[in-house]
Structures are given as structure tokens and as C-alpha cells.
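Asker: Attaching a single structure in C-alpha cells format; questions to follow.
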Amino acid sequence: MIKKLIIWIVLALIVLIYLGTGIYQVGPSEVALIKTFGKYSQTTGPGIHFRLPYPFQTHVIVDIETIRKEEIGFRTIERYGKISYKSIQEESLMLTGDGNIISVEVAVQYKIKDPIKFAFNIINGSDLVRFTTESVLRERIAERNIDDVLTIERDKIAMETAELVQKILDQYDSGILISKV
63 MIKKLIIWIV
73 LALIVLIYLG
83 TGIYQVGPSE
93 VALIKTFGKY
103 SQTTGPGIHF
113 RLPYPFQTHV
123 IVDIETIRKE
133 EIGFRTIERY
143 GKISYKSIQE
153 ESLMLTGDGN
163 IISVEVAVQY
173 KIKDPIKFAF
183 NIINGSDLVR
193 FTTESVLRER
203 IAERNIDDVL
213 TIERDKIAME
223 TAELVQKILD
233 QYDSGILISK
243 V
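Each residue of the sequence shown is one higher than the one before, starting from 63 at the first, in this note's numbering.
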């Protein structure tokens with residue numbers, strides 16, 4: 063009798079622990095995308111939620127409010143509270159239309175506009191933004207001479223780059239919104 067009771071209690075604990083794996087928390091700037099049998103089924107907002115345990119349902123959490131930054135031609139290094147910058151020559155050296163080589167360092171800010179597309183259509187959003195921006199920027203700089211790139215065309219290049227990168231990312235169905243180049 064006691065042996066059966068212990069078995070039932072152990073089984074009940076195992077079932078409760080298994081059901082407990084379906085509890086998850088979503089932060090204030092995040093959404094959770096629920097997949098039922100691997101297919102997207104719903105989105106939940108911030109708070110504590112319950113979903114069916116694996117293998118029935120899984121979830122992917124996506125931060126949609128944070129503005130992300132990709133650096134092209136340099137990297138920000140923070141050590142012991144001090145910020146410094148390291149130049150990346152492979153990315154920063156670009157050829158202008160008149161044959162001169164210049165060093166270009168750019169920061170791209172972006173955020174997630176469609177978490178479903180971002181989570182399920184692309185693998186690495188930061189690399190996609192970095193490589194697309196670098197490619198478009200090289201094209202924009204190659205069309206101009208060095209004087210224009212360094213002076214009067216600088217802001218125009220940044221705006222054109224942002225527009226073209228956004229257009230390409232939209233074609234990729236990435237769910238990414240470029241804020242600023």
C-alpha cells in the first residue's frame with residue numbers, strides 16, 4: 063500500500079516537473095514566439111506565461127525594443143570602464159571612384175520591426191546588417207571621388223546607404239529596420 067502511494071507521488075512529481083518546463087518569462091522589451099510542433103502559432107508579450115512542454119510547443123524570445131549597433135571598419139573595446147576603438151583594416155579600406163584608397167568607419171543602428179520574420183527567416187541578423195551595409199557603402203564610395211566622400215557628399219552617402227540597405231533587407235524579408243548609418 064505504501065509502496066503504491068510512493069510510486070503515485072513520484073509519478074505525480076515527474077508530471078508536475080514536466081509541465082513546469084512549459085513556464086517561461088518574457089522581459090519588458092521582448093516578445094515570445096510560440097511554435098506548436100515546429101510551426102509558429104502565437105506571440106506573447108512581457109510577463110510569465112505557460113505553454114505546452116516540449117515536444118508539443120517551444121518558444122523563441124526576441125528583443126524588439128533594443129536598438130542594436132553594428133560597427134564597420136572599427137570595433138569598440140571596453141576594458142575596466144574605459145572605452146577605446148580598434149580599427150579593422152580589412153573592412154575600413156575602400157576605393158573611391160578616382161582610384162584613391164580611404165579608411166571609412168561607420169556605425170549602423172537598427173532594431174527589429176517584425177520579430178516573426180527576424181526569428182524565422184534569417185540566421186544571423188547582425189552579420190546580415192554588417193555585410194549588406196559594407197557592400198552598399200563600398201558601392202556608394204566607388205561612385206565618387208575622394209574630395210566628395212570626405213566633404214560635401216558624406217551625409218548623402220550615409221542616407222543613400224541607409225535607404226539601399228533597408229531595401230535589400232526588405233527583399234530578404236529580414237524583419238530588420240535600419241535606424242541610422
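Cβ coordinates follow ideal geometry from the N, Cα and C atoms, glycine included.
1. Who are the near neighbours of Val-211 in its chain, counting only those whose CB is closer than 6 angstroms to its CB and skipping five residues on each side?
2. Would you report the Cα separation of Met-63 and Trp-70, rounded to the nearest angstrom?
3. Give me, in chain order, the residues of the same chain whose beta-carbon lies closer than 7 angstroms to that of Val-88; leave out the 5 immediate sequence neighbours on both sides.
4. Can you tell me where the beta strand (DSSP E) with Gly-109 in it begins and where it stops?
5. Give a yes or no on whether the C-beta atoms belonging to Ile-139 and Arg-192 are separated by under 9 angstroms.
6. Can we say the stretch 222-242 touches the stretch 163-177, given the rule of at least three CB pairs closer than 8 angstroms?
7. Out of Glu-205, Ile-76, Glu-222, Ile-174, state which residue places its alpha-carbon closest to the alpha-carbon of Arg-130.
8. Reducing DSSP to helix, strand and coil, say where Glu-222 ends up.
9. Go ahead and pull the three-state DSSP assignment for Tyr-80.
10. Residues in the same chain with beta-carbon distance under 7 angstroms from Asn-207, minus the five sequence neighbours each way, listed in chain order, please.
11. Can you list, in chain order, the residues of its chain whose CB lies under 8 angstroms from that of Ile-178, leaving out five sequence neighbours each side?
Answerer: By the coordinates alone:
1. Sequence index remark: in the sequence shown, residue 211 carries index 149 (1-based). Hits under 6 angstroms: Thr-158, Ile-203.
2. On the sequence shown, residue 63 is found 1 positions in, with the first residue counted as 1. On the sequence shown, residue 70 is found 8 positions in, with the first residue counted as 1. Going from the Cα of Met-63 to the Cα of Trp-70 covers about 11 angstroms.
3. In the sequence shown, the residue the question calls residue 88 occupies position 26. Once the five neighbours on either side are set aside, the close Cβ partners of Val-88 are Ala-94, Thr-106, Gly-107, Pro-108, Gly-109, His-111, Ile-123.
4. The count along the sequence shown starts at 1 and reaches residue 109 at position 47. From DSSP, the beta strand (DSSP E) with Gly-109 extends over 109-112.
5. Mapped onto the sequence shown, residue 139 falls at position 77. Mapped onto the sequence shown, residue 192 falls at position 130. No, they are not a contact pair.
6. yes
7. Looking up residue 130 in the sequence shown gives position 68. When each option's Cα is compared against that of Arg-130, the closest is Ile-174.
8. Here residue 222 refers to the residue found at position 160 when the sequence shown is read from its first residue. Helix at Glu-222.
9. Residue 80 sits at position 18 when you count from the first residue of the sequence shown. Tyr-80 falls in the helix class under three-state DSSP.
10. The residue given as residue 207 occupies position 145 in the sequence shown. Once the five neighbours on either side are set aside, the close Cβ partners of Asn-207 are Thr-158, Gly-159, Asp-160.
11. Walking along the sequence shown from the start, residue 178 turns up at place 116. The residues are Leu-95, Tyr-102, Thr-105, Gly-237.
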